[in-house]
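Data block below; observations after.
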Amino acid sequence: GENVEQHPSTLSVQEGDSAVIKCTYSDSASNYFPWYKQELGKGPQLIIDIRSNVGEKKDQRIAVTLNKTAKHFSLHITETQPEDSAVYFCAASLSSGYSTLTFGKGTMLLVSP
Amino acid sequence: SAVISQKPSRDICQRGTSLTIQCQVDSQVTMMFWYRQQPGQSLTLIATANQGSEATYESGFVIDKFPISRPNLTFSTLTVSNMSPEDSSIYLCSVEVLRPSTDTQYFGPGTRLTVL
Numbered sequence: 001g002e003n004v005e006q007h008p009s010t011l012s013v014q015e016g017d018s019a020v021i022k023c024t025y026s027d028s029a030s031n032y033f034p035w036y037k038q039e040l041g042k043g044p045q046l047i048i049d050i051r052s053n054v055g056e057k058k059d060q061r062i063a064v065t066l067n068k069t070a071k072h073f074s075l076h077i078t079e080t081q082p083e084d085s086a087v088y089f090c091a092a093s094l095s096s097g098y099s100t101l102t103f104g105k106g107t108m109l110l111v112s113p
Numbered sequence: 001s002a003v004i005s006q007k008p009s010r011d012i013c014q015r016g017t018s019l020t021i022q023c024q025v026d027s028q029v030t031m032m033f034w035y036r037q038q039p040g041q042s043l044t045l046i047a048t049a050n051q052g053s054e055a056t057y058e059s060g061f062v063i064d065k066f067p068i069s070r071p072n073l074t075f076s077t078l079t080v081s082n083m084s085p086e087d088s089s090i091y092l093c094s095v096e097v098l099r100p101s102t103d104t105q106y107f108g109p110g111t112r113l114t115v116l
């Protein structure tokens, strides 16, 4: 089955800096890669996703890049703010009308003012 | 997207008892999923609940321990049976929303279960 590795496990940045979280996946058939943000005491919130026919996707301060050859994808957050502090999870799935997501272990991002 | 609610939001239970968690979504969805998230850990899929059929369980999870109901397209329940302290976790439901060429899962707020 699919295996998703996520790094780093914790990331501390100063407000205004950029943050990058990287994930690798094992199943070359996977074609859907969402990112979730989970704040303390809340459920995961989808923040951005990318499909395998696209190499990069951007939404304001957040971007995701995908390298299918190397089987890795990354989340980039620019101009970080304290409210970006949360746990971020990457996931991968084979989208075929029945998507079973395999999650990475998560990255705790701390943005200091 | 979809708005998902779960009840209860949290509970403290005694070992040996059972708890039923409800998941309600504001629109009709085909696929609903139940996950477990142990403290400080990632999400692990328990089972997939498709309306009108038996739930499909992942390796390590069995129906006797985690019976699931899916009576209609907006509601599902997960029961945690004969609980032990090892069942203390956050239980999350999610739904798959089909958009053109996109299959996306949205999560509920979770149920925080503590078993004493």
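First to last, the sequence lines map onto chains G and D. In terms of our numbering, the first sequence is residues 1 to 113. In terms of our numbering, the second sequence is residues 1 to 116. Don't be surprised by glycine CBs; every beta carbon is placed ideally from N, CA and C.
- Residues of chain G whose Cβ lies closer than 9 Å to the Cβ of L116 of chain D do not exist, since the nearest Cβ in that chain is about 20 Å away.
- DSSP places P85 of chain D within a helical segment (H, G or I) once states are collapsed to three.
- Per DSSP, L43 of chain D lies in no beta strand (DSSP E) and is assigned neither H nor E.
- A29 of chain G counts as exposed, since fewer than 16 other C-beta atoms from the protein chains shown sit within 10 angstroms of its C-beta.
- Under the Cβ criterion of 8 Å, Y106 of chain D is counted among the residues facing chain G.
- P82 of chain G sits in a helix when the DSSP states are folded into three classes.
- Neighbours of L78 of chain D in chain G, taken as residues at a C-beta separation under 8 Å, are lacking, since the least C-beta distance is about 14 Å.
- Neighbours of P8 of chain G across chain D, judged by C-beta separation under 7 Å, do not exist; the nearest C-beta is about 15 Å away.
- Contact of G60 of chain D with chain G is not assigned, every C-beta pair being separated by 8 Å or more.
- Membership of P8 of chain D in any beta strand (DSSP E) is not indicated, and neither H nor E is assigned to it by DSSP.
- When Cβ-Cβ separations below 8 Å define contact, P39 of chain D makes no contact with chain G.
- Using a Cβ-Cβ cut-off of 9 Å, T100 of chain G is close to F33, L45, T48 and E58 of chain D, given in chain order.
- In the same chain as T56 of chain D, and ignoring 5 residues on each side of it, the C-beta atoms closer than 7 Å to its own belong to A47 and T48, in chain order.
- Look at R15 of chain D here: in three-state DSSP terms it is coil, with no helix or strand label.
- A distance below 8 Å between beta-carbons, with the five flanking residues on each side excluded, links L110 of chain G to the following residues of its chain, in chain order: T10, L11, S12, V13 and S85.
- Between the region 3 to 16 of chain D and the region 77 to 84 of chain D there are three or more inter-stretch CB-CB distances shorter than 8 Å, so the stretches are counted as touching.
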